[in-house]
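These notes are about the structure you will find just below.
There are 4 protein chains.
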Amino acid sequence: MYSNSVEIRVRYGETDKMGYLYYGNYAQYYEVGRVEAIRSLGLSYKELEDRGIMMPVLDMQSTFVKPAYYDDVLKVTTTITELPKVRAFFSYEITNANNDIINYGKTTLIFFDWERRKPCRAPEELVEKLSPFFI
Amino acid sequence: MYSNSVEIRVRYGETDKMGYLYYGNYAQYYEVGRVEAIRSLGLSYKELEDRGIMMPVLDMQSTFVKPAYYDDVLKVTTTITELPKVRAFFSYEITNANNDIINYGKTTLIFFDWERRKPCRAPEELVEKLSPFFI
Amino acid sequence: MYSNSVEIRVRYGETDKMGYLYYGNYAQYYEVGRVEAIRSLGLSYKELEDRGIMMPVLDMQSTFVKPAYYDDVLKVTTTITELPKVRAFFSYEITNANNDIINYGKTTLIFFDWERRKPCRAPEELVEKLSPFFI
Amino acid sequence: MYSNSVEIRVRYGETDKMGYLYYGNYAQYYEVGRVEAIRSLGLSYKELEDRGIMMPVLDMQSTFVKPAYYDDVLKVTTTITELPKVRAFFSYEITNANNDIINYGKTTLIFFDWERRKPCRAPEELVEKLSPFFI
Numbered sequence: 402m403y404s405n406s407v408e409i410r411v412r413y414g415e416t417d418k419m420g421y422l423y424y425g426n427y428a429q430y431y432e433v434g435r436v437e438a439i440r441s442l443g444l445s446y447k448e449l450e451d452r453g454i455m456m457p458v459l460d461m462q463s464t465f466v467k468p469a470y471y472d473d474v475l476k477v478t479t480t481i482t483e484l485p486k487v488r489a490f491f492s493y494e495i496t497n498a499n500n501d502i503i504n505y506g507k508t509t510l511i512f513f514d515w516e517r518r519k520p521c522r523a524p525e526e527l528v529e530k531l532s533p534f535f536i
Numbered sequence: 402m403y404s405n406s407v408e409i410r411v412r413y414g415e416t417d418k419m420g421y422l423y424y425g426n427y428a429q430y431y432e433v434g435r436v437e438a439i440r441s442l443g444l445s446y447k448e449l450e451d452r453g454i455m456m457p458v459l460d461m462q463s464t465f466v467k468p469a470y471y472d473d474v475l476k477v478t479t480t481i482t483e484l485p486k487v488r489a490f491f492s493y494e495i496t497n498a499n500n501d502i503i504n505y506g507k508t509t510l511i512f513f514d515w516e517r518r519k520p521c522r523a524p525e526e527l528v529e530k531l532s533p534f535f536i
Numbered sequence: 402m403y404s405n406s407v408e409i410r411v412r413y414g415e416t417d418k419m420g421y422l423y424y425g426n427y428a429q430y431y432e433v434g435r436v437e438a439i440r441s442l443g444l445s446y447k448e449l450e451d452r453g454i455m456m457p458v459l460d461m462q463s464t465f466v467k468p469a470y471y472d473d474v475l476k477v478t479t480t481i482t483e484l485p486k487v488r489a490f491f492s493y494e495i496t497n498a499n500n501d502i503i504n505y506g507k508t509t510l511i512f513f514d515w516e517r518r519k520p521c522r523a524p525e526e527l528v529e530k531l532s533p534f535f536i
Numbered sequence: 402m403y404s405n406s407v408e409i410r411v412r413y414g415e416t417d418k419m420g421y422l423y424y425g426n427y428a429q430y431y432e433v434g435r436v437e438a439i440r441s442l443g444l445s446y447k448e449l450e451d452r453g454i455m456m457p458v459l460d461m462q463s464t465f466v467k468p469a470y471y472d473d474v475l476k477v478t479t480t481i482t483e484l485p486k487v488r489a490f491f492s493y494e495i496t497n498a499n500n501d502i503i504n505y506g507k508t509t510l511i512f513f514d515w516e517r518r519k520p521c522r523a524p525e526e527l528v529e530k531l532s533p534f535f536i
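Protein chains in written order, with the numbering used here: chain S, 402 to 536; chain C, 402 to 536; chain P, 402 to 536; chain X, 402 to 536.
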């Protein structure tokens, strides 16, 4: 397993009239979590896309344990749970400043060759970087 | 079971650089789906909130089958799968103009008394309206 | 001048903790307004893009007169104020159910040939459709 | 005048099908800019709200000079251009990693006493903190 954490501060425009971080905005926090997890490995999701490998999301699950509020600094911990082949599996845990878990979730993404319009294997260098964590 | 459908056209600002409806925006389409399902019963979610009953989301699952694109008119079919007690269960199916299923999902929400800061039973009139569909 | 109106219902996810439609979301309402204004002329902005003509926004001005609230049905009236050459000028007026003006604004967009990476003239058929309104 | 800068990385979900940071999302970047400007003075906008002083936006102007792209790290420089009385005036300049100005804008906000439902004077401590910069 490989894990990485990143902090995100809740923006005003991300809250809703209940005063909570709107439930639909967690998906974007997961996105930031996994992009930064990839960056922490010394790679860049943007460069993967520039080379024609996209990673659309196949499924998402999310459990909302406690609300997050405006201006909260949340810690998003992203874990890559399996060595990726054609799919990548990420899980997420979000905690607030009190260290309470407020949300956890997971997503499955697929490596997709944009030119050839079909799924492909995970890029070699990503597998190499991750291999030491999956022995 | 009780079902209702509503159409939503994909906005430019809801797409991402892949040209797809961004995966994080489906949660908002689910929200519109369930609010309109409640309205189709002759009730108003807004009025529930005005009376102090909020419905935060406890969990969400979403499966992305095919992409949706800018300007697509999507049909969101929302189904209330159980007669609500303290929780409400909604499932969603989203189809495009070709009648392809592009996404399906479900959410659990809880009825929450805002003043007393605790869960409560589903409002009487909602249960009454739904009862004929759960015999 | 050419005008067209469209109704948009405020979504929960578009509100903020003040209970207002978040100020940043008006830009998306303007977008819907101008896309539907183009559609009302018998054209499609999506088809313009499919043919390689994009319309990025050059500037925007917005005045927030009164708040809009969750579930409000807003009327967005979009006016094309000049016959477009290389730029298109849209103005917007948003009213609520009481017919109060809650917001007005304007945007300048440019016609942009995506392949050649430079500005271009407004498509012939758009100018033709609009000409009768600018005599 | 008082200025402060903050960096924001463009999220995938903030781009649109053109591959640009969607024009409607700049308002949220301005929001982050002014909130961090207030924080850099040793104050907290959240605490102002907790004490019943809200700051709704009255008007916004935005000029889009160049596009911003996915994963760009943008620098948002926020300037408080006048010592606030009942209104606060912010201007913004956004630059990319090449130090190109990609966007500039300004907003007017009003101090609003939420309980009494009317405009009020800027909080004493904000005026004190800012005074040295407006001599």
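The beta-carbon is built from N, C-alpha and C at its ideal position, and this holds for glycine as well. Note that the structure is a prediction, hence the values are computed from the model and not measured.
Other residues of its chain near residue i: CB distance less than 7 Å, five sequence neighbours each side excluded
| i | result |
| --- | --- |
| Phe534 of chain S | Met402, Tyr403 |
| Arg522 of chain P | Lys486, Val487, Phe512 |
| Glu529 of chain C | none |
| Tyr413 of chain S | Tyr471 |
| Glu516 of chain S | Gly453 |
| Leu444 of chain S | Glu526, Leu527, Lys530 |
Any C-beta of chain X under 9 Å from that of residue i
| i | result |
| --- | --- |
| Lys447 of chain S | yes |
| Ala428 of chain P | yes |
Option nearest residue i by Cα separation, candidates the options
| i | options | result |
| --- | --- | --- |
| Ile502 of chain X | X:Lys476, X:Glu437, X:Tyr421, X:Pro485 | X:Lys476 |
| Asp514 of chain X | X:Arg410, X:Tyr424, X:Arg412, X:Gly453 | X:Gly453 |
| Asp417 of chain C | C:Tyr471, C:Leu444, C:Thr496 | C:Tyr471 |
| Met400 of chain S | S:Met461, S:Gln462, S:Tyr446 | The structure shown does not extend to residue 400 of chain S, since chain S is modelled only from 402 to 536, so the question has no answer here. |
| Ala469 of chain S | S:Glu448, S:Thr509, S:Ile495, S:Thr508 | S:Ile495 |
| Leu449 of chain P | X:Glu516, X:Met419, X:Arg518 | X:Met419 |
| Leu527 of chain P | P:Tyr421, P:Gln429, P:Leu442 | P:Leu442 |
| Lys507 of chain P | P:Leu444, P:Gln429, P:Ser463, P:Gly425 | P:Ser463 |
| Asp451 of chain X | X:Leu531, X:Glu483, X:Asn499, X:Pro524 | X:Pro524 |
| Asp460 of chain C | S:Arg440, S:Ala428, S:Ala498 | S:Ala428 |
Cβ of residue i within 9 Å of any chain P Cβ
| i | result |
| --- | --- |
| Tyr431 of chain S | no |
| Arg412 of chain C | yes |
| Val436 of chain C | yes |
Cβ shell of residue i (< 8 Å), same chain only, five flanking positions each side left out
| i | result |
| --- | --- |
| Thr479 of chain X | Ser404, Asn405, Ser406, Val407, Tyr431, Gly434, Arg435, Glu437, Ala438, Phe491, Ser492, Tyr493 |
| Val466 of chain C | Asp501, Ile502, Ile503, Asn504, Tyr505 |
| Tyr423 of chain S | Glu415, Thr416, Asp417 |
| Leu531 of chain X | Tyr403, Leu442, Ile481, Leu484, Pro485 |
| Arg440 of chain C | Tyr446 |
Cβ of residue i within 9 Å of any chain S Cβ
| i | result |
| --- | --- |
| Glu408 of chain C | no |
| Glu450 of chain X | yes |
6 Å Cβ shell around residue i - same chain, five flanking residues per side excluded
| i | result |
| --- | --- |
| Arg410 of chain P | Val474 |
| Leu510 of chain C | Met456, Val458, Ala489 |
| Pro520 of chain C | Val487, Ile511, Phe513 |
| Asn426 of chain X | Glu415 |
| Tyr421 of chain X | Pro468 |
Per DSSP, cross-strand counterpart(s) of residue i
| i | result |
| --- | --- |
| Pro468 of chain C | None; Pro468 of chain C has no bridge partner. |
| Phe491 of chain P | P:Ile481, P:Thr508 |
| Met461 of chain C | S:Ser463, C:Thr508 |
| Glu408 of chain S | S:Lys476 |
| Ile502 of chain P | P:Thr496 |
| Met456 of chain X | Met456 of chain X is not bridged to any residue. |
| Pro520 of chain C | C:Phe513 |
| Leu422 of chain X | X:Thr416 |
| Tyr403 of chain C | C:Ile481 |
Problem - Selection of the region 453-475 of chain P by Cβ proximity to chain B, strictly under 8 Å - result: Note that chain B does not occur in the displayed structure, where the protein chains are S, C, P and X.
Handout entry: Residues of the region 415-426 of chain C with Cβ closer than 9 Å to any Cβ of chain S, in chain order
Key = If the cut-off is 9 Å between Cβ atoms, the region 415-426 of chain C has Lys418, Met419, Tyr421, Tyr423, Tyr424, Gly425, Asn426 near chain S.
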